[in-house]
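> Quick one: the structure is below, questions incoming.
There are 4 protein chains.
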Amino acid sequence: MIGHGFMGAAHSQGWRVAPRFFDLPRDPEMAVVVGRNPETVTASAGRWGWRESATDWRDVVARDDIDVVDIVTPGDTHAEIAIAALAAGKHVLCEKPLANTVEEAQAMEHAAAEAAGRGIRSMVGFTYRRVPAATFARDLVASGRLGRIRQVRAEYLQDWLMDADAPLTWRLQKEHAGSGALGDIGAHAVDLTEFITGQQVTSVSGVVETLVHERPLLSEGVGLSGTATSQRGAVTVDDVALFTGRLDSGALASFEATRFRTGRKNALRIEISGSEGALAFDLERLNELEFYDATQPALEQGFRRILVTEHGHPYLAAWWPPGHVLGYEHGFSHQVRDFVVAVDEGVGPRPSFADGLHVQRVLDAVQRSSAASGLWTPVGG
Amino acid sequence: MIGHGFMGAAHSQGWRVAPRFFDLPRDPEMAVVVGRNPETVTASAGRWGWRESATDWRDVVARDDIDVVDIVTPGDTHAEIAIAALAAGKHVLCEKPLANTVEEAQAMEHAAAEAAGRGIRSMVGFTYRRVPAATFARDLVASGRLGRIRQVRAEYLQDWLMDADAPLTWRLQKEHAGSGALGDIGAHAVDLTEFITGQQVTSVSGVVETLVHERPLLSEGVGLSGTATSQRGAVTVDDVALFTGRLDSGALASFEATRFRTGRKNALRIEISGSEGALAFDLERLNELEFYDATQPALEQGFRRILVTEHGHPYLAAWWPPGHVLGYEHGFSHQVRDFVVAVDEGVGPRPSFADGLHVQRVLDAVQRSSAASGLWTPVGG
Amino acid sequence: MIGHGFMGAAHSQGWRVAPRFFDLPRDPEMAVVVGRNPETVTASAGRWGWRESATDWRDVVARDDIDVVDIVTPGDTHAEIAIAALAAGKHVLCEKPLANTVEEAQAMEHAAAEAAGRGIRSMVGFTYRRVPAATFARDLVASGRLGRIRQVRAEYLQDWLMDADAPLTWRLQKEHAGSGALGDIGAHAVDLTEFITGQQVTSVSGVVETLVHERPLLSEGVGLSGTATSQRGAVTVDDVALFTGRLDSGALASFEATRFRTGRKNALRIEISGSEGALAFDLERLNELEFYDATQPALEQGFRRILVTEHGHPYLAAWWPPGHVLGYEHGFSHQVRDFVVAVDEGVGPRPSFADGLHVQRVLDAVQRSSAASGLWTPVGG
Amino acid sequence: MIGHGFMGAAHSQGWRVAPRFFDLPRDPEMAVVVGRNPETVTASAGRWGWRESATDWRDVVARDDIDVVDIVTPGDTHAEIAIAALAAGKHVLCEKPLANTVEEAQAMEHAAAEAAGRGIRSMVGFTYRRVPAATFARDLVASGRLGRIRQVRAEYLQDWLMDADAPLTWRLQKEHAGSGALGDIGAHAVDLTEFITGQQVTSVSGVVETLVHERPLLSEGVGLSGTATSQRGAVTVDDVALFTGRLDSGALASFEATRFRTGRKNALRIEISGSEGALAFDLERLNELEFYDATQPALEQGFRRILVTEHGHPYLAAWWPPGHVLGYEHGFSHQVRDFVVAVDEGVGPRPSFADGLHVQRVLDAVQRSSAASGLWTPVGG
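Protein chains in written order, with my numbering: chain A, 1 to 381; chain B, 382 to 762; chain C, 763 to 1143; chain D, 1144 to 1524.
Listed below in structure tokens is the structure:
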């Protein structure tokens, strides 16, 4: 695993726990964790249960005893590491967003396609596809329970930057993060929409905007935030992104990604309206899916709150009795499970690097539309 | 009262009930109801308690014993009636939207301004301002409880046109309704945003769209719908409007008006995010206001559901003990109360025709932006 | 109408509004309102639209031009008035609880039965049966959608007596109110349970308790409360009643009536669990009914929130388009409608005085069980 | 660890994960798992990461290299194992209920008290105390935010026995489970009430009842259920328990434990009403706590939904950023953390065996009250 921040902790938990609850066809070993700082990466290895630590990812990628490279670094380093790992014949699981630019993502997608010819698998870490309620939502749409999709609303709302003195972490610097709310959380809203509907966004009209332009420099990171210094630096990414997209079918989807919605902590919400039903999901209540069945008798229709904890729901047979809820990190175990199965079966896992590239193209089109005063802009590719 | 459809019933209830619960400075008499069809308007008079009925609004507007004209006809007739009534020295309450075009609305606003000089009052019927929870939301913002407003989301979601065979009522014909979801319900979302925030929308970027282009012609109207014939006609208004607006303060507000959100019946929702708090309101639960106080201790913050039924809440002292909820039509009694008080006190009631004109300009800018492929478009005026 | 407190206002609104929205077979006239204080009853007549006022109910009951007597006084006077009115050949609508003691209620029931033989109708005002969602709940149970009923939970939660200095109104005095939370709101919980399930409570085990034993005497009443004096008097009714009941079918129902549940303003809630489904209702959200259909596919089951505002729902065709919600007082219009129809059709309306007597017997059994240290106690009759 | 059913999986996850997220003062090793069936226990050891498996708990308890014994067997075996382990100088973590009878629980409590003198620690596994929202609820009460507690409602609702053909597992047999809903889930409701309020139940009045008296015998267990055979056996435990308790302070608490509340899967809910505030918790939404602050301005009071995921909330600093929710099993990691810390610091952990004994006495009093036709019955001890 390359990287050991917040995402490193989550991925480690996925690797550690998945084999305990799922019958995996292969037995993953947690071999090496890589970080630039020898002290902290050694501590991470001990804490999260990696056998070794290392400071140079190139060495690790070159090792014969490594089969899988899991990339959890900031987005600006994804392309170089992933391409090298694929070239070295390693299966690659890469955190989202796939890259910071469309060009990098394209290069990665080419490398993945070439590697697939050699039996090497690659996947991008849009983990929320693996929240059981989201997977079940996809199943309901795929089985036609919603009929023809008429409209989509997808939003990812947070408020952790409301405080104008929250420090300037790498997530607020364009050179590391690529974009702000758009790429960090808007990417999830786009991917989840495409995953559940089975459709792609083909053009967009939108606006991205920075609300706080200067923040205190960071002395030490803690979680998503950290300790501030007295100096200030420029925020070079967006705080808010609002955009409308057109799906393959012609349906309109409206998106919002923001870190300025007071009181919303991690509200990735999606509502899909179809001719025969509707679905609503909220990541803050991730064990629930609301389903409206418009084919029921007219007087009995209503959004029903399905507690997605039955053994027949996706991934749930591996866990607890009905009503015993899962948390945020379970998606990472499900991701490991699906990735290992795909590698074993020699099937290309989803979301593929091509899926990740497409999301990157949507984000890029949003930024171009915003720069063009809101003009509808086709998603390239 | 000119007109006697769904809105006529609601306004009649307002006129009948308000004097029973509020101490009005003047005692309104329900004198004449006007409609084109003598039979049905006679029935309406009997049913809703109007002393007389008439078929020519011009006669009624000319009568000396009439002090107030309440206009509840479709939007294409508002301008002519209102201007005539104001000229005749009648106070005017006019249903929203003020008019179907900016030009008409401008003429009405001029007439109202001129009449105000003669002590004649005019008001536009954005009744939802008078839902106690909405009024209370405005009070909280005005008293600074939200701090600086950072973002607004306002949506009005219905689903009554999901059925592609729902008949072609006047609300689906541009010549009568002006626009579709945009003017019918989007107007409420814009007005409520401006009312609660105390700010105006200054520019917009958006899209309006018709999803079902032909519908069965109507034989007889019933409520908002009616009985269909076998012939079909063209839908000439929008089904969905999605737009982003910029407020005076620079904050972004995102809007949605749609009749295609499956399972949402009358969901006028607004969420306002500020530096010190947030508010959320949903017309389907109109007795409740959600309030997030970001100045509370960090571990105790959360959206609280205020049941807006205390005697200290706006309008509530007139009604029932706490916890005894109000319904949709109570706003019409509150509107009558405020209108009569304003007339008595000689103060210009709000929302004024100028307010109504402004909303009309916002809607017009949305349509122009949509025609210009989403380009940000200034709201004129 | 005899009495003119809070209930008088609500009943007046029912009489005034019902004929405007429902096609009544007879046209009710609001003739006389009766109260002991000539000044205040005159004011009430003016405010609520009664043609005359009077101070002696005996005179009014004797008048030939009166057909219906509506009793909205405290419970200690119900028996005398109702029996006199029935004897005088007036149809009687009597507010709940039917009486303060089983003996009085029995006498009233006998009078009603006797009067019925002469074509005189009587009904007790358990208005919440006429909240559309509650009526619809009854319909769902009656049509078998819940299967065999396995358990019921019914609670009526308020908090207006949490303040130990809230004044000593007649509702806190045994001689006027009969009992406290038990008779005032517990009666509703029992009646609604029996109405929706179609079953009766046959035995109970419970406890009633007073939490605040002394309160300031009242100088002037306002709504449910009023202005306090510096003197204190004894609270002679219960604040809390907790009991379990056995229904005809053997199923257990658990009840709670309390004025000490902080933050609950008017939460009459009932949840009914059956072999094929479940229902949940909350008066604070009276336009909604939650329905769980256990015959749906296992993975799709969930409590669905039905917005009970469709034209096909009980009473709703008379009101607004779907999604336009009703309030507390609409039940009083529905009550008037049902009462007038029953009188016209010569059918005994429900809830009958016999129904009211039965509820009284349940309340009495709860008090006897509480006095007997919780022992299971049969409901007499 | 003795036992390896559902609880074994949960405890194993606690032991495996706790050291990865918390700085434990000692490093637990997962040494041996014990089960009667050599094949299945070997499989469990492999699956859940125990170094060895064994079939005789006596051998394991006697081993010098074992410091801690974690008991996750059915309740009928707890006493013998726990007493032997304590005698052998092992720290003991014992799943709830502490025992099936008061006598056994007393013996265990004596053994624990004696062992404590030798520095040996013991704890009972009421894990829900360690759900962060529940712990935070306790903190709020302890700091006086609710004022004087006036009423408590605690219920644990499930529906997995609604199906009359669900098989007869050990949880439905008195000889193994002691009681049914009462001991299995009612015990949690009692413990959580006592934990959050800091008070004890001193007397009770209640009823326990079996609704389905015969069920198919079990061929093979799966999760909480299993595969049925065609033979039937007697259910010897209760399906429903309804009881009222008196707390130390005199406040009334009402309890319900049931497996027949259709649509409720794992709804352990508690609502505490105090003179200055109220709290509501529901295990199906375990990341949330509803808090009503009655000291806020009257018009702004309401139940607020606190997302208990801030770093300052109990246990949360160890996990993810705010808004990233936890699941059912996290409580088991918290339990391990607290147990290991207590052992290291030489402090008696809570809930102690004395706490477990007290809960057992409450359950016993409920059964005695039910047998005595609901009579109020003091909790012994």
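Just so you know, even glycine gets a beta-carbon here, dropped at the ideal spot from N, CA and C.
Just checking my contact of T197/A with L247/A at CB under 8 Å: how many whole Å lie between their CB atoms?
Contact holds; Cβ gap of about 7 Å.
> Taking the straight line between their C-alpha atoms, what separation do you get for R130/A and P349/A?
Cα-Cα distance, rounded: 13 Å.
> Beta carbons nearer than 8 Å to chain D: which residues of the region 126-159 of chain A have them?
Correct list: Q158.
> DSSP three-state call for H1234/D: helix, strand or coil?
Reduced to three states, the DSSP call for H1234/D is strand.
> Take A189/A and list the residues in its own chain whose beta-carbon comes closer than 8 Å to its own, dropping the five residues that flank it on each side.
These residues qualify, in order along the chain: A154, E155, Y156, F255, E256, A257, L268, I270.
> So, for S751/B: in the same chain, excluding its five sequence neighbours on each side, which residues have a beta-carbon less than 7 Å away from its beta-carbon?
G587, V588, V589.
> Can you list, in chain order, the residues of the region 1009-1033 of chain C whose Cβ is nearer than 7 Å to any Cβ on chain D?
Under the 7 Å Cβ criterion, the region 1009-1033 of chain C contributes L1014, S1016, E1018, T1020, F1022, R1023, T1024, G1025.
> Within the 8 Å Cβ cut-off, does F1053/C reach chain B?
No - not a single Cβ of chain B is within 8 Å of the one on F1053/C.
> Taking Cβ-Cβ distances below 7 Å as the criterion, which residues of the region 577-606 of chain B are in contact with chain A?
From the region 577-606 of chain B, only S586, V588, E590, L592 have a Cβ closer than 7 Å to chain A.
> Using CA coordinates, which residue listed in G75/A, P132/A, V240/A, R171/A is at the minimum distance from Y315/A?
When only C-alpha atoms are compared, the closest one is P132/A.
> Within 10 Å of its beta-carbon, does V914/C have 16 or more other beta-carbons around it, so buried, or fewer, so exposed?
So V914/C ends up on the buried side.
> Considering only the beta carbon of each residue, do D451/B and M382/B sit closer than 8 Å?
Yes, they are a contact pair.
> Answer yes or no: do H1086/C and N668/B have a C-beta to C-beta separation smaller than 8 Å?
Against a cut-off of 8 Å, the Cβ pair of N668/B and H1086/C comes out as no contact.
> Determine, for L299/A, whether the minimum Cβ-Cβ distance to residues of chain B falls below 8 Å.
L299/A does not count as touching chain B.
> List, in chain order, every chain B residue whose beta-carbon is nearer than 8 Å to that of A294/A.
Residues of chain B passing the Cβ test: M543, T643, G644.
> Residues of chain B with a CB under 8 Å from the CB of F1446/D: which are they?
In chain order: R685, R686.
> Tell me where the beta strand (DSSP E) around I911/C begins and ends.
911-919 is the span of the beta strand (DSSP E), which, as asked, contains I911/C.
> At the level of alpha carbons, what is the spacing between V340/A and W48/A?
V340/A and W48/A: Cα-Cα distance of roughly 20 Å.
> Distance cutoff 8 Å, beta carbons only. Does E276/A sit that close to anything in chain C?
Chain C contact via Cβ: absent.
> Rounded to the nearest angstrom, how far is the Cβ of P978/C from that of A996/C, given a contact under 8 Å?
About 12 Å; that fails the 8 Å criterion.
> Is there at least one Cβ from chain A nearer than 8 Å to W1191/D's Cβ?
Chain A contact via Cβ: present.
> Would you say E1453/D reaches chain B, if we count a Cβ-Cβ gap shorter than 8 Å as a contact?
For E1453/D, the answer is yes, since a Cβ of chain B falls inside 8 Å of its Cβ.
> Would you kindly check if the distance between the Cβ of M108/A and the Cβ of S352/A is under 8 Å?
Not closer than 8 Å, so no.
> Should W438/B be flagged as near chain A, meaning a C-beta pair shorter than 8 Å?
Chain A contact via Cβ: absent.
> Give the interface partners of V240/A over in chain B, defined as CB-CB distance under 9 Å, in chain order.
In chain order: R531, Q532, L633.
> Please report the distance separating the alpha-carbon of I1328/D from that of F1149/D.
Distance between the alpha carbons of I1328/D and F1149/D is about 15 Å.
> Could you tell me whether the Cβ of W701/B comes closer than 8 Å to any Cβ of chain C?
Closer than 8 Å: yes.
> For R1493/D, which three-state DSSP category applies?
Three-state DSSP puts R1493/D in coil, outside helix and strand.
> Considering only their Cβ atoms, is the gap separating V618/B from L542/B smaller than 8 Å?
No, the pair does not count as a contact, with Cβ atoms beyond the cut-off.
> Since Y328/A meets chain F, which of its residues come closer than 7 Å, beta carbon to beta carbon?
Any reference to chain F falls outside this structure, whose protein chains are A, B, C and D.
> Could you check where the beta strand (DSSP E) with G8/A kicks off and where it finishes?
Element bounds for G8/A: not the beta strand (DSSP E) but the alpha helix (DSSP H), 6-21.
> Under 8 Å between the Cβ atoms of G75/A and A177/A?
Contact flag set, yes.
> Any heavy atom of the ligand COA closer than 7 Å to the Cβ of W320/A?
The ligand content of the structure shown is nil, which means the ligand COA is not present either.
> Look at the alpha carbon of Q1249/D and the alpha carbon of G1326/D, and state the distance between them as a whole number of angstroms.
Cα to Cα, the separation comes out at about 16 Å.
> Could you tell me which of E1072/C, G1036/C, F1005/C, A844/C sits nearest to R907/C, measuring between CA atoms?
Here the closest residue by C-alpha is G1036/C.
> Quick one: grab the DSSP three-state call for L1229/D.
In the structure shown, L1229/D sits in a helix (DSSP, three-state: H, G or I).
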